[in-house]
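Written out below as structure tokens is the structure these notes cover.
Residue numbers (UniProt numbering): 1 to 581.
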């Protein structure tokens with residue numbers, strides 16, 4: 001039956017009928033992050049980049065969240081009965097009467113608030129750096145942002161007065177403005193209007209904040225990011241993750257700066273995981289770094305990047321996945337999820353303890369960094385396994401490690417798809433080695449939205465952080481050495497697509513130039529099956545609220561903006577555009 005369906009759709013007639021058993025797609029929307037390299041904007045045109053980031057974040061700013069609720073949701077304290085929160089001895093009227101004339105003067109005031117002396121902070125273990133005039137020298141072209149403030153650990157030797165901007169190690173940014181530039185309407189719910197203020201200045205500033213989130217999360221391994229926005233004399237707190245950003249109500253620093261004191265006081269006491277760091281990723285040792293740089297030198301990053309060691313959890317016991325998602329307790333990430341009972345949290349913690357020991361892989365810079373604060377945030381790395389020690393790793397094969405934030409609205413993820421393809425011995429597709437969801441790493445903005453009774457905005461899908469490894473390491477199709485090699489790779493990818501559809505009833509749905517790889521010994525491979533779907537599941541309708549893809553290779557029907565089913569003929573057309581491109 002499937003074979004007949006393929007034959008009928010490869011050369012579709014002019015008047016097409018839509019088979020309801022085929023795959024329904026959510027309407028597409030043009031995204032900055034969905035552009036291919038030749039379509040990207042001028043690297044130095046930050047204004048257009050900010051506009052793109054503002055567009056992508058539109059509808060995903062969640063608020064207003066009362067300041068006290070923001071602390072309770074994202075930075076809760078575990079105080080015993082009768083205990084009172086201790087705060088640094090800073091005058092709550094510190095900013096009263098101050099009228100900074102420019103952003104440098106705002107920084108001077110905030111630095112005076114933050115630091116007791118040039119060497120000692122009011123907030124133990126933290127120091128503040130003025131990064132407004134210096135871009136990170138290790139940032140790539142088009143990503144040389146200069147946040148006004150970077151918060152670092154006191155012992156961070158990489159950051160100095162001469163080199164104050166280090167996005168790879170900064171804990172949190174702050175944006176400072178010496179004038180009242182409001183980005184959000186705290187009365188939106190009461191007035192029935194948008195939470196996001198729709199002026200050129202507000203859109204540009206929101207895009208600026210989103211761009212900071214992109215660069216921080218691209219240079220670091222994070223689950224979330226805290227940011228402080230000061231537009232004198234007011235301020236807001238913002239928490240980003242891969243499904244949105246929680247925004248606090250504004251507060252007046254000149255009247256009472258206690259919220260700012262409380263924010264940095266709690267931040268100083270949080271663990272790395274609570275601050276938003278992915279603790280399944282650690283810096284490699286000197287010996288590990290030396291081995292990785294030797295074995296992975298073919299993929300040496302263009303910009304200075306450290307070697308990391310990543311944990312990969314083999315999610316063979318899939319029934320634990322849901323419990324692991326619930327294990328993101330406030331003890332780990334500083335979130336007070338009132339939807340989870342004490343019994344559930346204890347059960348989830350027990351499941352984490354039962355999680356098998358992870359396999360260890362060394363990586364040296366991703367092949368591409370995410371260009372959006374939202375979504376899957378896919379990163380891929382040639383990787384070297386060191387689970388059994390460095391001696392065995394010297395002769396171990398190089399494999400490919402992929403990580404992303406998958407939508408939990410999609411029940412059958414890429415790992416399940418690859419396992420099924422491999423089970424049926426489908427050719428020209430990746431060979432799955434190991435992997436699964438990372439314990440406890442799920443987004444929380446959707447939970448926060450429910451907690452504060454958010455109305456309006458776009459639907460938010462919760463995402464889980466997944467990491468897995470496949471055998472094959474290919475090179476991009478655009479790196480072909482001859483037309484024969486290019487056509488052979490496309491042919492093989494097409495055959496893999498055809499077999500997957502005919503044998504397994506799986507449709508890829510994201511055929512593009514970037515998803516077809518050339519293998520070292522010749523031939524091609526169809527990669528990135530994270531948007532794939534089983535035909536029988538299509539009858540349930542769209543699985544997630546967002547449909548992404550690479551515009552240059554999508555079919556005309558899908559680009560029309562109409563709600564339509566994603567058909568096998570759309571993928572066939574994408575192969576055509578790949579060859580034409």
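No residue lacks a Cβ here, since even glycine has one placed at the ideal position from N, Cα and C.
| Nearest to residue 77 by alpha carbon, out of 525, 196, 218, 267? | 267
| task | State the CB to CB distance for the pair residue 130 and residue 106, rounded to an integer number of angstroms; the pair is presumed to be in contact (CB under 8 Å). | result | With 8 Å as the limit, residue 130 and residue 106 do not qualify as a contact, their Cβ atoms being about 11 Å apart.
| said: What ranges does the beta strand (DSSP E) occupy inside the stretch 98-136, keeping only unbroken runs of at least 3 residues that lie completely in it? | reply: 126-130
| said: Please return the same chain residues whose Cβ sits closer than 8 Å to the Cβ of residue 279, not counting the five positions on each side in sequence. | reply: 272, 273
| Below 8 Å between beta carbons: does that hold for residue 420 and residue 504? | yes
| said: Rounded to the nearest angstrom, what separates residue 447 and residue 202 at their Cα positions? | reply: 26 Å
| query | If you run the structure through DSSP and keep just helix, strand and coil, what is residue 508? | reply | coil
| task | Go ahead and pull the three-state DSSP assignment for residue 578. | result | helix
| From residue 462 to residue 231, what distance separates their C-alpha atoms? | 31 Å
| query | Using a Cβ-Cβ cut-off of 7 Å (strictly less than) and excluding sequence neighbours within five positions of residue 87, which residues of its own chain qualify? | reply | 261, 262, 265
| Is it right to say residue 395 is buried, meaning 16 or more other beta carbons lie within 10 angstroms of its own, or is it exposed? | exposed
| Who pairs with residue 382 in a beta bridge, going by DSSP? | 400
| request: Identify which residue in 60, 118, 359 has its Cα closest to the Cα of residue 247. | output: 60
| Which residue or residues does DSSP assign as beta-bridge partners of residue 525? | 517
| field | Pick from 571, 93, 165, 102 that is closest to residue 127, judged by C-alpha positions | value | 165
| task | Assign residue 193 to buried or exposed, taking buried as 16 or more other Cβ atoms, counted over all protein chains shown, within 10 Å of its Cβ. | result | exposed
| Cβ-Cβ separation, residue 485 to residue 518 (assumed contact under 8 Å), whole Å | 6 Å
| query | Using 8 Å as the threshold, is the stretch 400-414 in touch with the stretch 371-381, meaning 3 or more CB pairs across them? | reply | yes
| Touching by the beta-carbon criterion (3+ pairs, under 8 Å), the stretch 450-458 and the stretch 415-432 | no
| Selection from 51, 526, 528 that minimises the alpha carbon distance to residue 206 | 51
| message | Rounded to whole angstroms, what is the Cα-Cα separation between residue 492 and residue 431? | response | 15 Å
| said: Rounded to whole angstroms, what is the Cα-Cα separation between residue 557 and residue 437? | reply: 34 Å
| Member of 413, 422, 410, 298 whose CA lies at the smallest distance from the CA of residue 365 | 298
| Exposed unless 16 or more other CB atoms sit within 10 angstroms - verdict on residue 208 | buried
| message | Am I right that residue 54 and residue 210 are in contact with their C-beta atoms under 8 Å? What's the rounded C-beta distance? | response | 7 Å
| message | Tell me the rounded alpha-carbon separation between residue 66 and residue 237. | response | 10 Å
| said: Using the three-state DSSP reduction, which class does residue 310 fall into: helix, strand or coil? | reply: strand
| Helix, strand or coil at residue 560 according to DSSP, with G and I counted as helix | coil
| message | Extract the residue ranges of the beta strand (DSSP E) inside the stretch 205-233, only unbroken runs of 3 or more that lie entirely within it. | response | 225-231
| field | Where residue 37 falls: helix, strand or coil (DSSP) | value | A caution first: residue 37 carries a pLDDT of 40, below 50, which makes its placement in the model too unreliable to give a value.
| What span of residues does the beta strand (DSSP E) with residue 441 cover, start to end? | 432-442
| Coil, strand or helix - residue 491 by DSSP | helix
| task | Measure the C-alpha to C-alpha separation of residue 392 and residue 384 and round it to an integer number of angstroms. | result | 10 Å
| query | Does the Cβ of residue 496 have 16 or more other Cβ atoms within 10 Å, making it buried, or fewer, making it exposed? | reply | buried
| CB-CB under 6 Å to residue 465, same chain, minus the five flanking residues each way: which ones, in chain order? | 405, 438, 441
| task | Would you please state the rounded distance, in angstroms, between the beta carbons of residue 244 and residue 445? I believe it to be under 8 Å. | result | 4 Å
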